[in-house]
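Undergrad: Numbering (the numbering used here), first residue to last: 890 to 1171. One structure, as structure tokens, below. Some questions next.
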Ligand SMILES: [Zn+2]
Ligand SMILES: [Zn+2]
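Written out as structure tokens, the structure is:
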């Protein structure tokens, strides 16, 4: 990115990086969608969290909003590189300035910092006063990989607002931010996949149970008052915001073919119901 700013104007560099970022999203979400929804849906259908299939019109809206997100994210990243050139941030461009161990540590720390930031920013956006900016993302009650970056522009800014604050305090190499953006894309696609890919005993495993699953975030899209976490389950666990139906629905989905034979109920959960099998039609 520094190279780009050395050779192109800010606007040209933004156009180029925004386009590349958007193409990366199209490629990752598109390939995943093709595999799970077009080529091999029969193979995975027993792991489909909601048995309905998404509507084409909604997917078009998601792809459109993701374009805004790509250009907002890259504008912020480029802005930080520009500020670094002016000497205002603690970004470092030469990897040898700090040890490899430090670089790896910052990559891992970024994931945990982002997870905490996301949980609280997400809860704030669910406050009735702020929900308008998060509403776009919740239009998809049956998410697909295309939902991953479907944000209102203000939400897109909020999503990574912690990064510009961090770079003034902690020495970070841009590659660690690139790593975070890659991790975010992969995890968002997993969370919005619409299919459960984790093993049946995930919620009873002493370590794996702390990783959020596709079902966890899918339930958040079905009824928005639970499951605010992104990568990990720590904050939902501490704050008591895990959906009380999480285990029951997860076990139903991961029973797979057996559950299919039992004609697993396939409509979204009622928003207000405490009964996990109490569903509503759309
Ligand atoms: Zn979502
Ligand atoms: Zn939400």
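Quick reminder that beta carbons are idealized off the backbone N, C-alpha and C, glycines included.
What do you reckon, are the CB atoms on residue 1032 and residue 976 nearer than 9 Å?
TA: No; because the gap between Cβ atoms is not below 9 Å, this pair is not in contact.
Undergrad: Taking 8 Å as the cut-off, does the region 1080 to 1090 touch the region 1100 to 1109 (at least 3 CB pairs, one atom from each stretch)?
TA: Counting Cβ pairs under 8 Å, three or more are found: they touch.
Undergrad: Nearest to residue 1021 by alpha carbon, out of 916, 1035, 1040, 1003?
TA: The residue with the shortest Cα to Cα distance from residue 1021 is 1040.
Undergrad: Between the region 1070 to 1079 and the region 1013 to 1027, do three or more beta carbon pairs fall short of 8 Å?
TA: Taking 8 Å as the limit for Cβ pairs, the verdict is that the region 1013 to 1027 does not touch the region 1070 to 1079.
Undergrad: Name the DSSP bridge partner or partners of residue 1121?
TA: DSSP, once it has assigned bridges, lists 1100 as partnering residue 1121.
Undergrad: So, is residue 1125 buried or exposed, given that buried needs 16 or more other C-beta atoms within 10 angstroms?
TA: Per the 10 Å Cβ criterion, buried.
Undergrad: If I'm right that residue 1165 touches residue 1137 with Cβ under 8 Å, what's the distance once you round it to whole angstroms?
TA: Confirmed, Cβ separation roughly 4 Å.
Undergrad: Ligand 1 and residue 1109: does the residue's C-beta get closer than 8 Å to at least one heavy atom of that ligand?
TA: Yes, since a heavy atom of ligand 1 falls inside the 8 Å radius drawn around the Cβ of residue 1109.
Undergrad: Return the bridge partner residues of residue 1084 from the DSSP annotation.
TA: Paired residue(s): 937.
Undergrad: Should residue 1105 be listed as close to ligand 1, given that the test is whether its C-beta is under 8 Å from any heavy atom?
TA: Residue 1105 Cβ: outside cutoff for every heavy atom of ligand 1.
Undergrad: Could you tell me the distance, in whole angstroms, from the CA atom of residue 924 to the CA atom of residue 986?
TA: Computed Cα separation, rounded: 42 Å.
Undergrad: Relative to the C-alpha of residue 909, which candidate in 1127, 1093, 1067 has its C-alpha closest?
TA: Taking only the C-alpha atoms, the option nearest residue 909 is 1067.
Undergrad: For the candidate residues 921, 1110, 1038, 1116, whose alpha-carbon lies nearest to that of residue 1008?
TA: The option with the nearest alpha carbon to residue 1008 is 1116.
Undergrad: Using three-state DSSP, classify residue 899 as helix, strand or coil.
TA: Note: residue 899 maps to helix in three-state DSSP.
Undergrad: Between residue 1178 and residue 974, what straight-line distance do the alpha-carbon atoms span, to the nearest angstrom?
TA: The requested residue 1178 is not part of the displayed model; the chain covers only 890 to 1171.
Undergrad: Please find out if some non-hydrogen atom of ligand 2 comes closer than 8 Å to the beta-carbon of residue 1023.
TA: At least one heavy atom of ligand 2 is nearer than 8 Å to the Cβ of residue 1023, so yes.
Undergrad: On a Cα-Cα basis, can you pick out the residue from 1144, 1109, 1143, 1019 that is closest to residue 1130?
TA: Considering only alpha carbons, the answer is 1109.
Undergrad: With a cut-off of 8 Å on the beta carbons, I'd call residue 939 and residue 1107 a contact; round off their distance for me.
TA: Between residue 1107 and residue 939 the Cβ distance is about 7 Å, and since that is below 8 Å, they are a contact.
Undergrad: To the nearest angstrom, report how far apart residue 898 and residue 965 are at their CA atoms.
TA: Computed Cα separation, rounded: 15 Å.
Undergrad: Relative to the C-alpha of residue 895, which residue among 1059, 1044, 926, 967 is closest?
TA: Out of 1059, 1044, 926, 967, 967 has the C-alpha closest to the C-alpha of residue 895.
Undergrad: Please determine whether the Cβ atom of residue 1081 lies at a distance below 8 Å from any heavy atom of ligand 1.
TA: Yes, the beta carbon of residue 1081 sits closer than 8 Å to at least one heavy atom of ligand 1.
Undergrad: Contact defined as beta carbons within less than 8 Å: I believe residue 1035 pairs with residue 961. What is the distance between those atoms, to the nearest angstrom?
TA: Not quite, the Cβ-Cβ distance comes to about 18 Å (not below 8 Å), so this is no contact.
Undergrad: Which same chain residues, not among the five before or five after residue 1176, have their C-beta less than 8 Å away from its C-beta?
TA: Outside the displayed span of the chain (890 to 1171) sits residue 1176, for which this structure offers no information.
Undergrad: In the DSSP output, what is residue 980 paired with across the bridge?
TA: BP columns for residue 980 point to 1061.
Undergrad: Going straight from the alpha carbon of residue 1128 to that of residue 901, what length do you get?
TA: Rounded to whole angstroms, residue 1128 to residue 901 spans 45 Å at the Cα level.
Undergrad: What distance in whole Å lies between the Cβ atoms of residue 959 and residue 911, which are believed to be in contact at a cut-off of 8 Å?
TA: Their Cβ separation, rounded to whole angstroms, is 4 Å, which keeps residue 911 and residue 959 in contact under 8 Å.
Undergrad: Looking at the structure shown, is residue 923 part of a helix, part of a strand, or coil, going by DSSP?
TA: Helix at residue 923.
Undergrad: In three-state DSSP terms, what is residue 985?
TA: Residue 985 falls in the helix class under three-state DSSP.
Undergrad: Tell me whether residue 1118 is buried or exposed, calling it buried when 16 or more other Cβ atoms sit within 10 Å of its Cβ.
TA: Result: buried.
Undergrad: If you draw a straight line from the alpha carbon of residue 1006 to that of residue 930, how long is it in whole angstroms?
TA: If I take the Cα positions, the gap works out to 35 Å.
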